[in-house]
Amino acid sequence: KAGVTQTPRYLIKTRGQQVTLSCSPISGHRSVSWYQQTPGQGLQFLFEYFSETQRNKGNFPGRFSGRQFSNSRSEMNVSTLELGDSALYLCASSLTGNNSPLHFGNGTRLTVT
Amino acid sequence: GENVEQHPSTLSVQEGDSAVIKCTYSDSASNYFPWYKQELGKRPQLIIDIRSNVGEKKDQRIAVTLNKTAKHFSLHITETQPEDSAVYFCAIRRDNYGQNFVFGPGTRLSVLP
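So the protein sequences, as listed, match chains A and B.
So the first sequence is residues 454 to 566, counted in our numbering.
So the second sequence is residues 12 to 124, counted in our numbering.
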């Protein structure tokens with residue numbers, strides 16, 4: 454079974470631009486979560502989508518948004534990029550949701566200059 | 012908000028020795044407690060998890076113990092090997108709906124040959 458696939462692997466953007474990251478979950482997984490990983494703040498929850506609906510949201514500004522498609526693939530968008538948005542963005546998929554382990558993708562490394 | 016503390020932040024052991032990492036949390040509603048291993052430049056991977064109706068779970072050289080009354084759970088690695096060197100994260104599920112996890116800050120384990 455293919456794992457969680459994230460594209461692109463690396464991105465370099467300028468302050469003020471916007472970016473879209475993509476995530477394809479493991480086949481059969483309907484829950485997709487997004488996490489931001491930085492050396493200073495560690496792994497922080499952004500949001501979770503289940504059956505095309507946002508089910509949970511972390512404490513990030515509205516510049517961070519996402520969506521999920523009918524095939525469970527998910528996208529995350531960050532608008533008006535700031536230097537502090539530089540991070541590894543990890544997508545994780547899981548089965549129905551409750552008490553199912555997260556399966557992480559390899560992440561997208563975003564650098565904002 | 013929800014908080015997960017993890018100790019120690021770094022741990023060095025000799026090959027063959029045991030390693031123990033402890034996490035404490037504050038949300039008494041949590042009922043699922045996974046541990047993830049992240050090797051340098053790679054994605055976090057689940058190594059073991061435990062649910063609140065179980066006090067201990069073992070998988071070969073890895074075990075997790077849970078004390079729900081005291082709100083802490085620990086990862087135990089026996090007969091450590093150099094390939095165990097990585098950053099280990101504990102996590103709790105923030106509520107009982109969805110996949111909203113709070114991660115500990117991580118423990119960098121170095122196994123010296």
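Cβ atoms here follow ideal geometry from the backbone N, Cα and C, with glycine treated the same way.
Self-check item: chain B contact for Leu398(A) (CB, 8 Å cutoff)
Solution: The structure shown does not extend to residue 398(A), since chain A is modelled only from 454 to 566, so the question has no answer here.
Exercise. Indicate whether Gln17(B) and Gly117(B) have their beta-carbon atoms separated by less than 8 Å.
Key: yes
Quiz item: From Ser96(B), Phe84(B) and Ile88(B), pick the residue whose C-alpha is nearest to that of Ser29(B); which is it?
Solution: Ile88(B)
Quiz item: Looking at the C-beta of Asn78(B), does it have a partner C-beta in chain A at a distance below 8 Å?
Solution: no
Quiz item: If you draw a straight line from the alpha carbon of Ser518(A) to that of Ala540(A), how long is it in whole angstroms?
Solution: 16 Å
Quiz item: How many Å lie between Ala545(A) and Arg468(A) at the Cα?
Solution: 27 Å
Self-check item: Contact set between the region 68 to 96 of chain B and chain A, restricted to residues whose Cβ is under 7 Å from the partner
Solution: none
Quiz item: Where does the unbroken beta strand (DSSP E) through Ile58(B) begin, and where does it stop?
Solution: Gln56 to Arg62
Quiz item: At which residues does the beta strand (DSSP E) containing Glu90(B) begin and terminate?
Solution: From DSSP, Glu90(B) is part of no beta strand (DSSP E); its letter is neither H nor E.
Exercise. Specify the secondary structure class of Leu511(A) as computed by DSSP and reduced to three states.
Key: Per the sequence shown, residue 511(A) should be read as Gly rather than Leu. Here Gly511(A) sits in coil by DSSP.
Quiz item: Between Gln152(B) and chain A, is there a C-beta pair that is closer than 8 Å?
Solution: In the structure displayed, chain B extends from 12 to 124; residue 152(B) sits before or after that span and is not available.
Exercise. Put Gly537(A) into one of helix, strand or coil per three-state DSSP.
Key: helix
Self-check item: Neighbour list for Gly117(B) in chain A, Cβ cutoff strictly below 7 Å
Solution: Gly495
Quiz item: At what residues does the beta strand (DSSP E) containing Gln471(A) begin and finish?
Solution: Run containing Gln471(A): none; DSSP gives neither H nor E here.
Quiz item: What are the boundary residues of the beta strand (DSSP E) that includes Asn196(B)?
Solution: In this structure chain B extends from 12 to 124, so residue 196(B) is not present and cannot be described.
Quiz item: Could you give the distance in angstroms between the alpha-carbon of Asn64(B) and the alpha-carbon of Asn42(B)?
Solution: 8 Å
Quiz item: Who does Gly495(A) pair with in a DSSP beta bridge?
Solution: Thr491(A)
Exercise. Verify whether the separation of the beta carbon atoms of Gln25(B) and Leu123(B) is less than 8 Å.
Key: yes
Practice problem: Please name the residue or residues paired with Asn524(A) in a DSSP beta bridge. | Solution: For Asn524(A), which the question treats as bridged, DSSP gives no partner whatsoever.
Exercise. Step through the CB atoms of chain A and report whether any lies within less than 8 Å of the CB of Asp60(B).
Key: yes
Quiz item: Three-state secondary structure (DSSP) at Ile479(A)?
Solution: coil
Quiz item: When DSSP labels each residue in this structure, what does Ala40(B) get in the three-state scheme?
Solution: coil
Quiz item: Using the C-alpha atoms, what's the distance from Gln71(B) back to Gly515(A)?
Solution: 44 Å
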